[in-house]
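Presented below is the structure to which this report refers.
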Amino acid sequence: KNLADSQRISSSPSATTSSSMDTSPPSTDTAKKSQALITSALFDTLVYSSKMSERRAGCIWLVSLIQYTDETSANLQAILSPAHDAFSELLGAEGGDELVIEMASRGLSLVYEKANESL
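All residue numbers for the sequence shown refer to this note's numbering, where the first residue is 3 and numbers rise by one.
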C-alpha cells in the first residue's frame, strides 16, 4: 500500500511542478551581461593564468563555449578573434600540458570552422 501511495504522489502534477517557478527565458540584457561576465572570466582570469590548472579549465570552457554556440550568433563572432589568440598562445606556451595542447588545437579548428571570412 505504501509503495502505491508514494508512486501516486510522485506522479501527480502538483508534486512535480511549482506554480512559483519562473521558466521564462532570461532577458536579452541579462543574457548579454552573463556572456560578458563569462568571457571576461575566461580571457582575463583563466586562459592566461600562470597556473596550469586554470589554463586547462579556461581552455576547456572556451572550446565548449565555441562548440555549442550557434555560428550565426554575433556574440560568437565577437569572441572568435580573441579565442584564436588565446588558443595560439596556449599551443605555444612552454611546459604545455598535453590536454591543453589537444584542446587548444581543437579550439583553433572550431574557430576556423565557425568564423566568417573576416578572421
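Note that CB positions come from ideal geometry on N, CA and C, so glycine has one too. Here the structure is a predicted model, which is why all the values come from computation and not from measurement.
Review point. What first and last residue would you give for the alpha helix (DSSP H) that runs through Thr-30?
Key: Residues 30-42.
**Study point:** Rounded separation between Ala-17 and Ser-29 - CA only
**Key:** Here the model assigns Ala-17 a pLDDT of 49, short of 50, so the residue's position is not dependable, and the following value carries that caveat. Put simply, the backbone Cα of Ala-17 is about 28 Å away from that of Ser-29.
Exercise for review: For Lys-53, count neighbouring Cβ atoms within 10 angstroms of its own Cβ and tell me buried if that reaches 16, exposed if not.
Suggested key: Here Lys-53 is exposed: its Cβ has fewer than 16 other Cβ atoms, across all protein chains shown, within 10 Å.
Check your understanding: If we count the other Cβ atoms within 10 Å of its Cβ and call it buried at 16 or more, is Ala-85 buried or exposed?
Key -> Here Ala-85 is buried. Its C-beta has 16 or more other C-beta atoms within 10 Å.
Review point. When we look at the beta-carbon of Ala-106 and count the other beta-carbons within 10 Å, is it buried (16 or more) or exposed?
Key: In summary, Ala-106 is buried, with 16 or more beta-carbon neighbours lying within 10 Å of its beta-carbon over all protein chains present.
Practice item. Please go through the same chain and pick out, in chain order, the residues whose beta-carbon is closer than 8 Å to the beta-carbon of Gly-97, but skip the five residues on each side of it. Key: Taking C-beta separations shorter than 8 Å and ignoring five residues to either side along the sequence, the partners of Gly-97 in its chain run Met-54, following chain order.
Practice item. In the DSSP assignment, find the unbroken alpha helix (DSSP H) run with Ala-59 in it and report its ends. Key: Its alpha helix (DSSP H) spans residues 54-69.
Check your understanding: Between Cys-61 and Leu-93, is the Cβ-Cβ spacing less than 7 Å?
Key -> Not a contact, by the Cβ cut-off of 7 Å.
**Study point:** Whole-angstrom C-beta distance between Ile-81 and Gly-109, which should lie under 8 Å
**Key:** About 11 Å separates the two Cβ atoms, so there is no contact after all.
**Study point:** Reduced DSSP category for Lys-3 - H, G, I as helix; E, B as strand; rest coil
**Key:** Low local confidence applies: a pLDDT of 49 at Lys-3 is under 50, so the model's placement there is unreliable, with the coordinate-based value given in what follows. It is coil, neither helix nor strand.
**Study point:** Element boundaries [alpha helix (DSSP H), containing Phe-45]
**Key:** Counting along the chain, Phe-45 falls outside any alpha helix (DSSP H), and DSSP gives it neither H nor E.
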